[in-house]
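Trainee: This is the structure, below, for whatever I ask next.
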Amino acid sequence: GENVEQHPSTLSVQEGDSAVIKCTYSDSASNYFPWYKQELGKRPQLIIDIRSNVGEKKDQRIAVTLNKTAKHFSLHITETQPEDSAVYFCAASMHNAGNMLTFGGGTRLMVKP
Amino acid sequence: DAMVIQNPRYQVTQFGKPVTLSCSQTLNHNVMYWYQQKSSQAPKLLFHYYDKDFNNEADTPDNFQSRRPNTSFCFLDIRSPGLGDAAMYLCATSRPPQETQYFGPGTRLLVL
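Taken in sequence, the protein lines are chains L and D. Those letters in the first sequence? Residues 1 to 113, per the working numbering, in order. Those letters in the second sequence? Residues 1001 to 1112, per the working numbering, in order.
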């Protein structure tokens, strides 16, 4: 089955700096890669996703890049703000009947004011 | 607003006392999932329903059961909760071929 590795497990940045979180996946059949943000005690919320026919996608301060050959994808947050502090999960999925997601282990991002 | 709703938000039960968690959705999605999430860990899929078809993950304990009486509702039954079952339980939905899963707010279960 699919295996998703996520690094780093914790990341501390100064407000205004950029943050990068990286994930690798094992199954070349995976074709959908969402990123979820989870604040303490709250639900995971989809912040951006990318499909395998695209190499990069951007939404304001957030961008995701995908390298299918190397089987890795990354989340980039620019101009970080304290409200970006949360746990971020990457995931991978292949087009199948149940849209099953395999999650990475999560990254705790702390943005210091 | 269309959404995924979970009740209750917090549930306290005693060791060995059956408990039921509920999930409802107004998104008209045909796939519903139950995840268990322990502190500082990723959500772990317990099972999912594709319409009425139930799909159990291989490592989901027999202690966990689920029911989906209709499209909108799905229940998680824990027959004999142990201390190790204390966790956040998340319900999610999706509508293939769209891959996105939408999560409910979760129910935090405490076992005394």
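By construction, the Cβ of each residue, glycine as well, lies at the ideal position given by its N, Cα and C atoms. Here the structure is a predicted model, which is why all the values come from computation and not from measurement.
Hey, is G1082 of chain D close to the ligand MG, as in C-beta under 7 Å from one of its heavy atoms?
Mentor: The ligand MG is not part of this structure, which contains no ligands at all.
Trainee: Please confirm whether L1110 of chain D and F1015 of chain D have their CB atoms less than 8 Å apart.
Mentor: Sequence index remark: in the second sequence, residue 1110 of chain D carries index 110 (1-based). Sequence index remark: in the second sequence, residue 1015 of chain D carries index 15 (1-based). No, Cβ-Cβ distance for L1110 of chain D and F1015 of chain D is not below 8 Å.
Trainee: Between the C-alpha atoms of L1027 of chain D and M1003 of chain D, what's the straight-line distance to the nearest angstrom?
Mentor: Residue numbering aside, residue 1027 of chain D sits at position 27 when the second sequence is read from its first letter. Residue numbering aside, residue 1003 of chain D sits at position 3 when the second sequence is read from its first letter. When rounded, the distance between both Cα atoms is 6 Å.
Trainee: Going by C-alpha distance, which of L:G1, L:Q6, L:E2 is nearest F89 of chain L?
Mentor: As a position in the first sequence, residue 89 of chain L is number 89, starting the count at 1. Minimum Cα distance to F89 of chain L is reached at L:Q6.
Trainee: Are the beta-carbon atoms of L1090 of chain D and G1106 of chain D separated by less than 8 Å?
Mentor: Position 90 of the second sequence, counted from the start, is the residue given in the question as residue 1090 of chain D. Position 106 of the second sequence, counted from the start, is the residue given in the question as residue 1106 of chain D. Yes. Within cutoff.
Trainee: What residue range does the beta strand (DSSP E) around T1100 of chain D cover?
Mentor: Here residue 1100 of chain D corresponds to residue number 100 of the second sequence, with the count starting at 1. No beta strand (DSSP E) holds T1100 of chain D; DSSP gives it neither H nor E.
Trainee: Along the segment 83-94 of chain L, what residues have a CB closer than 7 Å to any CB found in chain D?
Mentor: F89, S93
Trainee: Using a C-beta to C-beta distance shorter than 8 Å, which residues of chain L count as neighbours of L1090 of chain D?
Mentor: Numbered from 1 along the second sequence, position 90 holds the residue referred to as residue 1090 of chain D. Within 8 Å Cβ-Cβ: R43, P44.
Trainee: State the Cα-Cα distance for the pair I21 of chain L and Q38 of chain L, rounded to the nearest angstrom.
Mentor: Numbered from 1 along the first sequence, position 21 holds the residue referred to as residue 21 of chain L. Numbered from 1 along the first sequence, position 38 holds the residue referred to as residue 38 of chain L. Roughly 15 Å separates the two Cα atoms.
Trainee: Return helix, strand or coil for E56 of chain L, following the three-state DSSP convention.
Mentor: Against the first sequence, residue 56 of chain L aligns to sequence position 56. Of the three classes helix, strand and coil, the one that applies to E56 of chain L here is strand, per DSSP.
Trainee: Along the segment 1044-1057 of chain D, where does the CB come closer than 8 Å to a CB of chain B? Name the residues.
Mentor: Any reference to chain B falls outside this structure, whose protein chains are L and D.
Trainee: Where does the unbroken beta strand (DSSP E) through E5 of chain L begin, and where does it stop?
Mentor: Sequence index remark: in the first sequence, residue 5 of chain L carries index 5 (1-based). Run containing E5 of chain L: 4-7, per the beta strand (DSSP E) assignment.
Trainee: Please return the same chain residues whose Cβ sits closer than 6 Å to the Cβ of T1020 of chain D, not counting the five positions on each side in sequence.
Mentor: As a first step, residue 1020 of chain D must be located in the second sequence, where it is residue number 20. Excluding positions up to five away in sequence, the list reads F1075, D1077.
Trainee: Spell out the partners DSSP gives P34 of chain L in its beta bridges.
Mentor: Within the first sequence, numbered from 1, the residue matching residue 34 of chain L stands at position 34. Its beta-bridge partners are L:D49.
Trainee: Kindly confirm or deny that the segment 1028-1045 of chain D and the segment 94-109 of chain L touch, where touching means at least three C-beta pairs closer than 8 Å.
Mentor: yes
Trainee: Between which two residues does the beta strand (DSSP E) harbouring D1053 of chain D extend?
Mentor: The sequence position of residue 1053 of chain D within the second sequence is 53, counting from 1. Looking at the DSSP string, the run of the beta strand (DSSP E) that includes D1053 of chain D is 1053-1056.
Trainee: With distance defined between alpha-carbon atoms, name the residue in D:T1100, D:G1104, D:D1062 nearest to M1088 of chain D.
Mentor: Working through the second sequence from its first residue, we reach residue 1088 of chain D at position 88. The residue with the shortest Cα to Cα distance from M1088 of chain D is D:G1104.
Trainee: Kindly list the residues whose CB is nearer than 8 Å to the CB of F91 of chain L, restricted to its own chain and excluding five residues on each side of it in sequence; keep chain order.
Mentor: Here residue 91 of chain L corresponds to residue number 91 of the first sequence, with the count starting at 1. Reading off the sequence, residue 91 of chain L comes out as Ala, not Phe. Taken in chain order, the residues that qualify are V4, F33, P34, W35, Y36, L101, T102, F103, G104.
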